[in-house]
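Novice: Handing you this structure, nothing more for now.
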Amino acid sequence: MTQANAASIAATARTPAFPSKLPNVGTTIFTVMSALATEHQAVNLGQGFPDFECAPELVNAVTAAMQAGHNQYPPMPGIPALREAVAHKIEALHDRAYHPNTEITVTAGATQAIITAILAIVHPGDEVIVLDPCYDSYVPNIELAGGKAVRVPLTPGTFRPDFAKISAAITPRTRAILINSPHNPSATIWTAEEMRQLEDLLAPTDILLISDEVYEHMVFDGAEHQSAARFPGLAARTFIVSSFGKTFHVTGWKVGTVAAPAALTAEFRKVHQFNVFTVNTPMQHGLAAYLQDPTPYLQLPAFYQAKRDLFRQGLAGSRFKLLPSTGSYFQCVDISAISDLNEADFCQWLTREVGVAAIPLSAFYGDGFDQRVVRFCFAKKDETLRAALERLRTL
Numbered sequence: 002m003t004q005a006n007a008a009s010i011a012a013t014a015r016t017p018a019f020p021s022k023l024p025n026v027g028t029t030i031f032t033v034m035s036a037l038a039t040e041h042q043a044v045n046l047g048q049g050f051p052d053f054e055c056a057p058e059l060v061n062a063v064t065a066a067m068q069a070g071h072n073q074y075p076p077m078p079g080i081p082a083l084r085e086a087v088a089h090k091i092e093a094l095h096d097r098a099y100h101p102n103t104e105i106t107v108t109a110g111a112t113q114a115i116i117t118a119i120l121a122i123v124h125p126g127d128e129v130i131v132l133d134p135c136y137d138s139y140v141p142n143i144e145l146a147g148g149k150a151v152r153v154p155l156t157p158g159t160f161r162p163d164f165a166k167i168s169a170a171i172t173p174r175t176r177a178i179l180i181n182s183p184h185n186p187s188a189t190i191w192t193a194e195e196m197r198q199l200e201d202l203l204a205p206t207d208i209l210l211i212s213d214e215v216y217e218h219m220v221f222d223g224a225e226h227q228s229a230a231r232f233p234g235l236a237a238r239t240f241i242v243s244s245f246g247k248t249f250h251v252t253g254w255k256v257g258t259v260a261a262p263a264a265l266t267a268e269f270r271k272v273h274q275f276n277v278f279t280v281n282t283p284m285q286h287g288l289a290a291y292l293q294d295p296t297p298y299l300q301l302p303a304f305y306q307a308k309r310d311l312f313r314q315g316l317a318g319s320r321f322k323l324l325p326s327t328g329s330y331f332q333c334v335d336i337s338a339i340s341d342l343n344e345a346d347f348c349q350w351l352t353r354e355v356g357v358a359a360i361p362l363s364a365f366y367g368d369g370f371d372q373r374v375v376r377f378c379f380a381k382k383d384e385t386l387r388a389a390l391e392r393l394r395t396l
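Just so you know, we're using my numbering here: the sequence shown kicks off at 2 and counts up by one.
What follows is the structure, given as structure tokens:
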């Protein structure tokens with residue numbers, strides 16, 4: 002090829018246009034607010050990850066696994082020791098036996114687990130009910146599978162499930178419903194009675210359930226996490242999603258699990274083996290060893306409740322109206338007494354002018370519903386929380 006020909010091709014080269022599979026998706030609010038926090042040197046209480054380290058014993062366990070040569074592909078569903086540890090944990094906590102060989106799968110984090118479950122069960126034209134406000138990956142996952150997300154609002158103010166509205170949203174095309182407890186972003190938890198109501202509602206149907214339980218060990222004030230595993234009518238139709246990243250303060254490791262009946266797991270693994278195949282080997286061995294002692298996750302509610310209480314006490318004399326925080330590591334506040342700005346503009350202003358980043362709840366609604374509520378993350382060092390509180394109390 003001559004230089005002239007090369008120059009001619011370069012001059013006319015173009016990237017072909019094609020229809021987007023997610024035309025309504027842009028940069029996530031978490032990325033936007035974290036970048037703004039960095040730009041203004043704000044205390045970042047927006048994105049939900051810890052700013053403290055995990056237990057050194059866990060790091061040592063992973064290091065030992067690498068040094069022992071566990072650095073090649075693991076089995077597709079996860080190493081047996083980790084699947085066995087997860088099955089034992091679920092049975093001990095929720096009295097439900099899952100077979101580690103056929104009903105537990107190790108995933109590359111909870112986000113991968115959720116999209117894999119959706120791709121496994123949702124066909125073009127199927128409907129999936131999601132409860133607004135909801136985590137931002139749910140709806141794009143459904144759309145990528147060719148399904149239609151049917152948004153049903155949780156009750157404004159309390160964020161309780163409205164079973165009349167959920168029932169009214171069910172049609173012959175409903176394939177699944179996706180729930181999340183403890184709930185991001187509202188920090189509420191489902192009660193046993195609400196789980197039984199869902200069990201009764203779904204009993205006469207073939208609707209499947211995806212239960213996002215990544216904050217399962219962050220339930221406060223003596224309450225218990227009501228896993229779908231505890232309810233036979235739900236467990237029989239449910240993919241239960243959990244996250245070691247959330248539980249052990251290692252969100253960057255991206256390791257999670259899915260527990261589901263064998264028939265559902267078989268379909269899940271068909272997709273899993275082709276979208277991720279396997280998950281980080283030494284992390285799996287390290288986690289399997291670390292799980293032999295249940296103390297770290299059994300103590301987690303008290304650990305995060307202390308941070309919640311520190312944060313709530315620090316805002317008690319401010320003009321923020323504190324909403325209940327019964328689970329997760331989030332605290333929602335009503336800003337009505339402080340500003341006339343909408344939630345998104347308030348969070349921008351708070352980051353730039355006050356030096357604390359938060360997330361608007363409207364970002365979790367399909368229609369941008371604004372109820373003058375923003376979300377803070379208290380999964381931070383105590384000194385980080387105190388630095389944020391010092392600034393927030395000026396309001």
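From the three backbone atoms N, C-alpha and C, an ideal C-beta is built for every residue, glycine too.
Do H95 and S228 count as a contact pair if the criterion is CB distance below 8 Å?
Specialist: It is a contact, given that the beta carbons lie within the stated cut-off.
Novice: DSSP three-state label for T13, please.
Specialist: Correct three-state label for T13: helix.
Novice: For H218 versus L301, is the C-beta spacing smaller than 8 Å?
Specialist: Yes, Cβ-Cβ distance for H218 and L301 is below 8 Å.
Novice: What would DSSP say about N276, mapped onto helix, strand or coil?
Specialist: Of the three classes helix, strand and coil, the one that applies to N276 here is helix, per DSSP.
Novice: May I ask you to list the residues that DSSP assigns as paired with T395?
Specialist: T395 is not bridged to any residue.
Novice: For N142, I'd like the list of residues in its chain whose CB is within less than 7 Å of its CB, leaving aside the five on either flank, ordered along the chain.
Specialist: Closer than 7 Å at Cβ, skipping near neighbours: I115, I116, I119.
Novice: Can you tell me whether W254 is buried or exposed? The criterion is at least 16 other CB atoms within 10 Å of its CB, across all chains shown.
Specialist: With 16 or more other Cβ atoms within 10 Å, it is buried.
Novice: At which residues does the beta strand (DSSP E) containing S244 begin and terminate?
Specialist: Start and end: 239-244.
Novice: Which of helix, strand or coil does DSSP assign to F269?
Specialist: F269: helix per DSSP, three-state reduction.
Novice: If R174 and E144 are in contact, beta carbons under 8 Å, what's the gap, nearest whole angstrom?
Specialist: At roughly 15 Å, the Cβ-Cβ gap does not stay under 8 Å, so R174 and E144 are not in contact.
Novice: Three or more beta-carbon pairs under 8 Å between the segment 63-80 and the segment 89-107, yes or no?
Specialist: Cβ pair count under 8 Å is three or more, so yes.
Novice: Is it buried or exposed for W350, if we count other Cβ within 10 angstroms and need 16 for buried?
Specialist: Result: exposed.
Novice: Would you identify the three-state DSSP class for T206, choosing helix, strand or coil?
Specialist: Coil, per DSSP.
Novice: Would DSSP call T327 helix, strand or coil?
Specialist: In this structure, T327 counts as coil in the three-state DSSP scheme.
Novice: Taking the alpha carbon of G126 as the point to measure from, which residue in A150, D133, D137 has its own alpha carbon closest?
Specialist: Nearest of A150, D133, D137 to G126, Cα basis: A150.
Novice: From the DSSP output, which residues share a beta bridge with A260?
Specialist: I105, I241, per the DSSP bridge assignment.
Novice: Identify whether L179 lies in helix, strand or coil by the three-state DSSP scheme.
Specialist: Strand at L179.
Novice: So, is A214 buried or exposed, given that buried needs 16 or more other C-beta atoms within 10 angstroms?
Specialist: First, the amino acid is wrong: residue 214 is Glu here, not Ala. Answer is buried; the Cβ neighbour count reaches 16.
Novice: With three or more C-beta pairs closer than 8 Å as the rule, is the segment 132-140 touching the segment 153-160?
Specialist: These segments touch.
Novice: Residues bridged to V153 by DSSP?
Specialist: For V153, which the question treats as bridged, DSSP gives the partners L132.
Novice: Please report the distance separating the alpha-carbon of F221 from that of P17.
Specialist: Roughly 53 Å between the two C-alpha positions.
Novice: What residues match up with P1 in a beta bridge as DSSP calls it?
Specialist: Limits of the chain in this structure are 2 at one end and 396 at the other, which puts residue 1 out of reach.
Novice: For R176, collect the residues of the same chain with a Cβ closer than 8 Å to its Cβ; drop the 5 residues on either side in sequence, then sort them by chain order.
Specialist: Result list for R176: I122, V123, H124, D127, E128, V129, G148, I208, L209, in chain order.
Novice: Residues in the same chain with beta-carbon distance under 8 Å from K22, minus the five sequence neighbours each way, listed in chain order, please.
Specialist: Around K22: E144, L145.
Novice: Taking one C-beta from the segment 357-371 and one from the segment 247-265 each time, how about it: are there three or more such pairs within less than 8 Å?
Specialist: Judged by Cβ distances under 8 Å, the segment 357-371 makes no contact with the segment 247-265, as fewer than three pairs qualify.
Novice: Look at the alpha carbon of P262 and the alpha carbon of G234, and state the distance between them as a whole number of angstroms.
Specialist: Cα-Cα distance, rounded: 12 Å.
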